[in-house]
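First up is the structure itself, then whatever we jot down about it.
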Amino acid sequence: MERQRLMILALLILCFGFGCQFANMFAATAEDEPISEEEAFEIEPVAPAEPTELFETPTLAAKVPTVVSILPVKTPTRQVATPAKTPTKNTSSTRVAVGPTLPVLKTPVRTVVATTIPFAPVAGSSFVPPPPPCRSPNAKITFPTSDRSVSGTIEILGTANRSDLKLWKVEYRPASTSAFTELNKSDKGISNGVLGRLATKNLPNGTYWLRLSVLGKEHIFLAPCQARFKITN
Numbered sequence: 080m081e082r083q084r085l086m087i088l089a090l091l092i093l094c095f096g097f098g099c100q101f102a103n104m105f106a107a108t109a110e111d112e113p114i115s116e117e118e119a120f121e122i123e124p125v126a127p128a129e130p131t132e133l134f135e136t137p138t139l140a141a142k143v144p145t146v147v148s149i150l151p152v153k154t155p156t157r158q159v160a161t162p163a164k165t166p167t168k169n170t171s172s173t174r175v176a177v178g179p180t181l182p183v184l185k186t187p188v189r190t191v192v193a194t195t196i197p198f199a200p201v202a203g204s205s206f207v208p209p210p211p212p213c214r215s216p217n218a219k220i221t222f223p224t225s226d227r228s229v230s231g232t233i234e235i236l237g238t239a240n241r242s243d244l245k246l247w248k249v250e251y252r253p254a255s256t257s258a259f260t261e262l263n264k265s266d267k268g269i270s271n272g273v274l275g276r277l278a279t280k281n282l283p284n285g286t287y288w289l290r291l292s293v294l295g296k297e298h299i300f301l302a303p304c305q306a307r308f309k310i311t312n
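If you read the sequence shown in this note's numbering, its first letter stands for residue 80, the second for the next number, and so on.
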């Protein structure tokens with residue numbers, strides 16, 4: 080609509096220009112040729128045209144909206160071939176100095192021999208530890224067994240023998256003392272026989288210990304064998 084108005088305005092200005100030029104030409108012709116009175120009366124006075132303001136034609140600049148795409152654009156990527164590394168051969172040789180080889184020392188193995196020590200009763204305690212077992216089959220008490228209750232006259236059975244036997248002996252003591260009393264001894268070996276006899280009626284009731292010791296010709300004793308028993312007359 081605005082564009083049409085501008086075109087009409089331009090046409091009017093153009094027509095006005097042509098009209099002014101035509102009027103000037105007509106006036107120049109009239110001055111040269113005389114006009115009769117009749118023609119003068121026939122000519123109507125022409126009102127002077129009002130001056131028309133010239134308008135500067137505005138220049139319209141169409142504003143084109145900028146369209147922004149919101150869709151993701153996939154940028155093409157160019158693959159560049161990476162040159163492969165050429166393996167380089169190491170021509171230089173490295174010498175490693177090897178020192179003298181030390182001999183491997185063996186760690187000595189220490190053998191520990193367990194020695195059984197008879198437990199001593201703790202003062203003020205009713206618990207009495209059991210006697211240690213007899214370690215040598217050549218010095219062994221088989222009766223009375225550990226913590227066996229006996230009464231009257233009993234036979235002490237066992238073995239007291241060795242190839243170089245010189246002497247063996249059987250002893251006893253009350254648990255309340257550490258001194259042994261000899262019960263029997265001999266220089267003849269006995270295997271699974273009677274080592275001695277003990278009359279318990281002559282002793283007060285309580286806990287007692289027996290000890291069998293076997294001596295060789297070199298005056299070497301075997302590990303003594305001990306047994307604990309109770310007299311209950």
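By construction, the Cβ of each residue, glycine as well, lies at the ideal position given by its N, Cα and C atoms.
Using a Cβ-Cβ cutoff of less than 6 angstroms, which residues in the same chain neighbour L244 once the five nearest sequence positions on both sides are dropped? The residue you call residue 244 lines up with position 165 of the sequence shown. Hits under 6 angstroms: G268.
With a CB to CB cut of under 6 angstroms and the five nearest residues on each side skipped, what residues in its chain are close to V143? By 1-based counting over the sequence shown, the position of residue 143 is 64. Caution is warranted here: a pLDDT of 48 is assigned to V143, below 50, making its placement in the model unreliable, and no coordinate value can be reported.
Name the DSSP beta bridge partners of Q305, please? Reading the sequence shown from its first residue, position 226 is the one you call residue 305. Answer by DSSP bridge pairing, in chain order: R290.
Between the C-alpha atoms of V249 and S270, what's the straight-line distance to the nearest angstrom? Numbered from its first residue, the sequence shown carries residue 249 at position 170. Numbered from its first residue, the sequence shown carries residue 270 at position 191. Between V249 and S270, the C-alpha separation is close to 14 angstroms.
Strictly by DSSP, which residues pair up with K219? As a working note, residue 219 is residue 140 in the sequence shown. DSSP, once it has assigned bridges, lists T238 as partnering K219.
Are the CB atoms of A258 and L291 nearer to each other than 8 angstroms? Position 179 of the sequence shown, counted from the start, is the residue given in the question as residue 258. Position 212 of the sequence shown, counted from the start, is the residue given in the question as residue 291. Contact: no.
Span separating the alpha-carbon of C304 from that of I220: Counting from 1 along the sequence shown, the entry for residue 304 is found at position 225. Counting from 1 along the sequence shown, the entry for residue 220 is found at position 141. Just so you know, the alpha carbons of C304 and I220 end up roughly 7 angstroms apart.
Looking at the unbroken beta strand (DSSP E) that takes in G272, where does it start and where does it end? Counting from one through the sequence shown, the residue named residue 272 turns up at place 193. Note, G272: beta strand (DSSP E), I269 to A278.
Nearest-angstrom beta carbon gap, G237 and L274 [assumed within contact, 8 angstroms]: Residue mapping note: residue 274 aligns to position 195 of the sequence shown, counting from 1. Residue mapping note: residue 237 aligns to position 158 of the sequence shown, counting from 1. Contact between L274 and G237 holds: their C-beta atoms lie close to 5 angstroms from each other, under 8 angstroms.
On a Cα-Cα basis, can you pick out the residue from N312, L277, D266 and T279 that is closest to K296? For this step, residue 296 is matched to residue 217 along the sequence shown. Cα-wise, what sits closest to K296 is D266.
Limits of the beta strand (DSSP E) - the one that R214 falls within: Here residue 214 corresponds to residue number 135 of the sequence shown, with the count starting at 1. Careful: R214 lies outside any beta strand (DSSP E) and carries neither H nor E.
Once DSSP output is grouped into helix, strand and coil, what is the label at L282? The sequence position of residue 282 within the sequence shown is 203, counting from 1. It is coil, neither helix nor strand.
Terminal residues of the continuous beta strand (DSSP E) containing N263? Counting from one through the sequence shown, the residue named residue 263 turns up at place 184. For N263, the enclosing beta strand (DSSP E) stretches over residues T260 to S265.
Let me know the secondary structure DSSP gives E250 once reduced to three states. Mapped onto the sequence shown, residue 250 falls at position 171. Here E250 carries a strand assignment [DSSP, helix/strand/coil].
Between V315 and T279, how many whole angstroms is the CB-CB distance? I'm expecting something under 8 angstroms. In the structure as shown, the chain begins at 80 and stops at 312. Residue 315 is therefore absent and cannot be evaluated.
Can you grab the Cα-Cα spacing for the pair L246 / V293, in whole Å? Within the sequence shown, residue 246 is the residue found at index 167, counting from 1. Within the sequence shown, residue 293 is the residue found at index 214, counting from 1. Rounded to the nearest angstrom, the two C-alpha atoms are 6 angstroms apart.
Just reading off the beta strand (DSSP E) that S230 is part of, what are its end residues? Residue 230 sits at position 151 when you count from the first residue of the sequence shown. Neither: S230 is in no beta strand (DSSP E) and is coded neither H nor E.
Look at the alpha carbon of F97 and the alpha carbon of R82, and state the distance between them as a whole number of angstroms. As a working note, residue 97 is residue 18 in the sequence shown. As a working note, residue 82 is residue 3 in the sequence shown. Going by the C-alpha atoms only, they are around 23 angstroms apart.
Might you give, ordered along the chain, the residues of its own chain that have their beta carbon closer than 8 angstroms to the beta carbon of K264, omitting 5 neighbours on each side? In the sequence shown, residue 264 corresponds to position 185, counting from 1. Only L246, W247, K248 and V249 meet the Cβ criterion.
Local conformation of I299 per DSSP, three classes: As a first step, residue 299 must be located in the sequence shown, where it is residue number 220. In the structure shown, I299 sits in coil (DSSP, three-state: anything other than H, G, I, E or B).
Does the beta-carbon distance from A254 to G285 come in below 8 angstroms? Counting from 1 along the sequence shown, the entry for residue 254 is found at position 175. Counting from 1 along the sequence shown, the entry for residue 285 is found at position 206. In this structure, G285 lies closer than 8 angstroms to A254 by Cβ.
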